[in-house]
Amino acid sequence: MAQRIELFYVAHARAGDKGNDQTMCVVPYRSEDYDLLARALTADAVKSHFGSLVEGEVTRFDVPNLSAFNFVMRDALQGGVNDSLAIDTHGKSRSSYLLSMLIDVPDDHPGAARRSTVMPARPH
Amino acid sequence: MNEHQRGNQSIRVGGGSAFFNDRLDAAVELVEKGDIDVLMLETLAERTLTLLHVAKRNGGKGYWEQFADRLDVLLPVLVRHKTRLVTNVGGADPVAAAAMVASIARKHGAKLKIATVTGDNVSHVVRELDPVLLETGQPLSRLGISTVSTNVYLGADEIAEAYAAGADIILTGRVTDSALALGPIMATLGWKHDDLQAMACGVLAGHLLECGGQATGGYFAEPGFKEVPDLDRIGFPIAQVFQDRSIRVSKPLGSGGRIDRHTITEQILYEMHDPGQYLTPDVTLDVTSLHLIESAPDEVTITGVVGKPAPETLKVLIGVDSGILAEIEISYMGINCEARARLAADTVRKRVARIPEMASLEVRIDLIGISSLWPGPVNDTCREVRLRVASRVPTRTIADQLVTEVESLYVNGPAGGGGVRIGVRPTNRTYTAFIPRSLTQPRWAFAES
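Dropping the structure here:
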């Protein structure tokens, strides 16, 4: 049995910027979730989660030795610090948006239990 | 001096700032309690250097003047602990910055050898080469605007030489951030450029230090999920680099913050593209074979660093003026507040479209609390919303006109708008080009004392 929960309960992330490109690393709280995330966080899935925010290609680099993934999203920042009129020109807050992505985890995953303690049950 | 006890077996480098206005008390704590040999201060974000060039052009100093007040606090502590300092605070004029540092040293009765690294200003080379810009795919000359600053990212060689020659304080302009650590590491451990693994080890140490507290629990806390003790007094990072190409990352004993596999991993990958190829002027760093061990509480030991040859070209940042940014905000509260903010936005858009010199402007409107960061619909009941209007405009007159269009919502807009704030400021932007290494002439010199 599986259920859908936000990535927030399974991993943490940090965003950075280089020009108009966004970089973002994702690190599971538990190393044993690495394969689960490798299946869920495909470059396509991440690009589709960001929708129109990311105009260019999304590339995922796997860094299993650090139990981490590194994403590079091209043309993602409406021009970045140079040109963007957004309030967060660096896109620093976007790591939190990635963590809102829904992923499938087994029913007995500790992230699911954790989620149920802080959020009311939600139909899906 | 601690350096003598460690000899050439290891060196302890402290990362004392991530940007020019970072916490000073944490840098002082590093020197007082961190048992460090050298403090590095990173102060030049991509556009900061362009701002300093603008200041210099307008008759001001080419370096960040407020650094004098900070150094007044820091310098006596550095002297007391025989700790050296390497920083890019020299900005657009390291030689002038050295004169300022020398006067502060005199004031404190300290005899210090101050060195400068110059040669990052490559405006003449770039003017002649007219390189293709990464952002536009066109030669620089096609921009048709004059450049404010043209600086190449230098490597660590000159810093290493000045450090080996006994400089107590080294002031640079634009160098790659990690070079501020790599230079002292090369000088102390006797590492040379042909040893790629050694270079990569020094670059990784610098990369971990260049963002200060971001390696030690800063930018990490998630209340209830990943806690960081004493966020209000995070200890800044120390990298002890050993001859065997290992790095031990720690922070001052008793300081706040957190160091473990998670904080260090986030910082290793911070602003990296391909983790197998992190390009710097000194070496190409590969972090895909690193091994992290939580070797003690708040301490991580890193081994397995890999280095590949450095790129043939060096990166240049070209700064130009980019108009005036006008930002104006107003708040609405209570029942139906989002609808009133949307009506206000619609009113501003319609009026701006009717003014000929503004009709073609790109104007961005955000509802802060609803849509300024989050792209989709928000379900929570809205209790307040802040409307933000932003546009990059060519002249101050047009900026003032846009301000009027939002500020007049006070009396002509929807009910209950309040708290207008206005920001209007000149902006600059950077373009990126690459030039052959052979065309740069980096050099270092002791400052006149």
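Chains C and V supply the protein sequences, listed in that same order. Note that the numbering used here numbers the first sequence so that position 76 is 76, with each residue one more than the last. Whatever position you read off the second sequence (first residue = 1), add 1000 for the numbering used here. Just so it is clear, CB atoms sit at the ideal spot from N, CA and C, and this is done for glycine as well.
Any idea what DSSP makes of Ala1359(V), helix, strand or coil? For this step, residue 1359(V) is matched to residue 359 along the second sequence. Of the three classes helix, strand and coil, the one that applies to Ala1359(V) here is coil, per DSSP.
Does the distance from the CB of Ala1310(V) to the CB of Thr1280(V) come in under 8 Å? In the second sequence, the residue the question calls residue 1310(V) occupies position 310. In the second sequence, the residue the question calls residue 1280(V) occupies position 280. A contact, by the Cβ cut-off of 8 Å.
In the region 63-92 of chain C, which residues sit with their C-beta less than 8 Å from some C-beta in chain V, listed in chain order? Val63, Asn65, Leu66, Ser67, Ala68, Asn70, Val72, Val81, Asn82, Asp83, Leu85, Ala86, Ile87 and Asp88
Does the count of Cβ pairs from the region 100-112 of chain C and the region 15-24 of chain C closer than 8 Å reach three? no
Cβ-based contacts, 7 Å cut-off: residues of the region 1246-1273 of chain V near chain C: His1262, Thr1265, Glu1266, Ile1268, Leu1269, Tyr1270, Glu1271, Met1272 and His1273
Using a Cβ-Cβ cut-off of less than 9 Å, give me the residues of the region 1193-1218 of chain V that come near chain C, in sequence order. Gln1214
Which stretch, first to last residue, makes up the alpha helix (DSSP H) that contains Ile1185(V)? Within the second sequence, numbered from 1, the residue matching residue 1185(V) stands at position 185. Per DSSP, Ile1185(V) belongs to the alpha helix (DSSP H) from Ala1179 to Leu1189.
Which term fits Arg1057(V), buried or exposed, when burial requires 16 or more other beta carbons within 10 angstroms of its beta carbon? Position 57 of the second sequence, counted from the start, is the residue given in the question as residue 1057(V). When all chains shown are included, Arg1057(V) counts as exposed.
With the cut-off set at 8 Å, would you say Ile1234(V) and Ala1026(V) are in Cβ contact? The count along the second sequence starts at 1 and reaches residue 1234(V) at position 234. The count along the second sequence starts at 1 and reaches residue 1026(V) at position 26. Yes.
Would you call the CB atoms of Phe1434(V) and Lys1315(V) closer than 8 Å? Sequence index remark: in the second sequence, residue 1434(V) carries index 434 (1-based). Sequence index remark: in the second sequence, residue 1315(V) carries index 315 (1-based). Closer than 8 Å, so yes.
Restricting to runs no shorter than 3 residues, where is the beta strand (DSSP E) found entirely within the region 1112-1173 of chain V? 1114-1118, 1147-1152 and 1169-1172
Can you give me the start and stop residues for the beta strand (DSSP E) that Asp104(C) sits inside? Here residue 104(C) corresponds to residue number 104 of the first sequence, with the count starting at 1. Here the beta strand (DSSP E) through Asp104(C) covers Leu102 to Pro106.
Would a check of beta-carbon distances place Gly51(C) closer than 8 Å to chain V? In the first sequence, residue 51(C) corresponds to position 51, counting from 1. Yes, Gly51(C) counts as interfacial toward chain V.
Members of the region 1218-1245 of chain V that neighbour chain C once the beta carbon cut-off is set at 9 Å: Tyr1219, Phe1220, Glu1222, Gly1224, Phe1225 and Lys1226
Is any heavy atom of the ligand SAM found at a distance shorter than 7 Å from the C-beta of Arg94(C)? No copy of the ligand SAM occurs in the structure displayed, which carries no ligand at all.
Relative to the C-alpha of Gly1217(V), which candidate in Leu1231(V), His1207(V) and Leu1208(V) has its C-alpha closest? The residue labelled residue 1217(V) in the question sits at position 217 within the second sequence. Per the Cα distances, Leu1231(V).
My assumption, with CB atoms under 8 Å, is that Glu1357(V) sits in contact with Ile1398(V). Please give the rounded CB distance. Here residue 1357(V) corresponds to residue number 357 of the second sequence, with the count starting at 1. Here residue 1398(V) corresponds to residue number 398 of the second sequence, with the count starting at 1. Sure, about 6 Å apart at Cβ, within 8 Å.
Residues bridged to Trp1444(V) [DSSP beta-bridge criterion]: The sequence position of residue 1444(V) within the second sequence is 444, counting from 1. The partner list for Trp1444(V) (beta bridge, DSSP) reads Val1117(V).
For Glu1338(V), does the count of other Cβ atoms within 10 angstroms reach 16, so buried, or fall short, so exposed? As a first step, residue 1338(V) is located in the second sequence; it is residue number 338 there, counting from the start. It counts as buried.
Excluding the 5 residues preceding and the 5 following Thr1050(V) in the sequence, name in chain order all residues of the same chain whose CB lies nearer than 7 Å to its CB. Numbered from its first residue, the second sequence carries residue 1050(V) at position 50. Closer than 7 Å at the Cβ level, and outside the excluded window around Thr1050(V), lie Val1148, Ser1149, Gly1319, Asn1428 and Thr1430.
Cys1337(V): first and last residue of the uninterrupted beta strand (DSSP E) it sits in: Position 337 of the second sequence, counted from the start, is the residue given in the question as residue 1337(V). First-last for Cys1337(V): Cys1337 to Arg1354, but that is the alpha helix (DSSP H), not the beta strand (DSSP E).
Using a 10 Å radius around the Cβ and a threshold of 16 neighbouring Cβ atoms, would you call Gln1066(V) buried or exposed? Within the second sequence, residue 1066(V) is the residue found at index 66, counting from 1. It counts as exposed.
For the alpha helix (DSSP H) that contains Phe8(C), what are its first and last residues? Counted from its first residue, the first sequence places residue 8(C) at position 8. Unbroken run through Phe8(C): none, as it is neither H nor E.
Can you round the beta-carbon distance between Leu66(C) and Thr1301(V) to whole angstroms, since I take them to be within the 8 Å contact cut? Mapped onto the first sequence, residue 66(C) falls at position 66. Mapped onto the second sequence, residue 1301(V) falls at position 301. So it is not a contact: roughly 14 Å between Cβ atoms.
How big is the Cα-Cα spacing for Glu1029(V) and Asp1037(V)? Here the question's residue 1029(V) lines up with position 29 in the second sequence. Here the question's residue 1037(V) lines up with position 37 in the second sequence. Near 14 Å, if we compare the C-alpha coordinates of Asp1037(V) and Glu1029(V).
At the level of alpha carbons, what is the spacing between Asp83(C) and Arg1080(V)? Against the first sequence, residue 83(C) aligns to sequence position 83. Against the second sequence, residue 1080(V) aligns to sequence position 80. Using only the alpha carbons, I get a separation of about 46 Å.
Contacts that Val27(C) makes with chain V (C-beta to C-beta distance below 9 Å): Start at 1 with the first residue of the first sequence, and residue 27(C) comes out as number 27. Near Val27(C) (Cβ distances below 9 Å), the residues of chain V are Arg1261, His1262, Thr1265, Glu1266 and Leu1269.
Chain V partners of His109(C), CB-CB under 8 Å? Sequence index remark: in the first sequence, residue 109(C) carries index 109 (1-based). Here the premise fails: no neighbours, minimum Cβ distance about 15 Å.
Cβ distance (whole Å) where Ile1330(V) is taken to contact Gly1417(V) below 8 Å: Within the second sequence, the letter at position 330 stands for residue 1330(V). Within the second sequence, the letter at position 417 stands for residue 1417(V). Contact flag correct, Cβ pair sits at about 5 Å.
Under the rule that 16 or more other beta-carbon atoms within 10 Å means buried, what is Lys1251(V), buried or exposed? If you number the second sequence from 1, residue 1251(V) lands on position 251. Classification for Lys1251(V): buried.
Could you tell me which chain C residues have their CB closer than 9 Å to the CB of Thr1430(V), listed as they occur along the chain? One-based indexing of the second sequence puts residue 1430(V) at position 430. Simply Gly19, Val81 and Asn82.
Short CB-CB distance (under 8 Å) between Thr42(C) and chain V: The residue you call residue 42(C) lines up with position 42 of the first sequence. No, no contact with chain V.
Say whether the region 1084-1103 of chain V touches the region 1111-1126 of chain V, bearing in mind that this needs 3 or more beta-carbon pairs closer than 8 Å, one atom from each stretch. yes
Give a yes or no on contact between the region 1167-1179 of chain V and the region 1134-1148 of chain V, applying the rule of three or more CB pairs nearer than 8 Å. no
Between Arg1425(V) and Ile1324(V), is the Cβ-Cβ spacing less than 8 Å? Within the second sequence, numbered from 1, the residue matching residue 1425(V) stands at position 425. Within the second sequence, numbered from 1, the residue matching residue 1324(V) stands at position 324. Contact flag set, yes.
Rounded to the nearest angstrom, how far is the Cβ of Arg1388(V) from that of Ile1368(V), given a contact under 8 Å? Looking up residue 1388(V) in the second sequence gives position 388. Looking up residue 1368(V) in the second sequence gives position 368. Their Cβ separation, rounded to whole angstroms, is 6 Å, which keeps Arg1388(V) and Ile1368(V) in contact under 8 Å.
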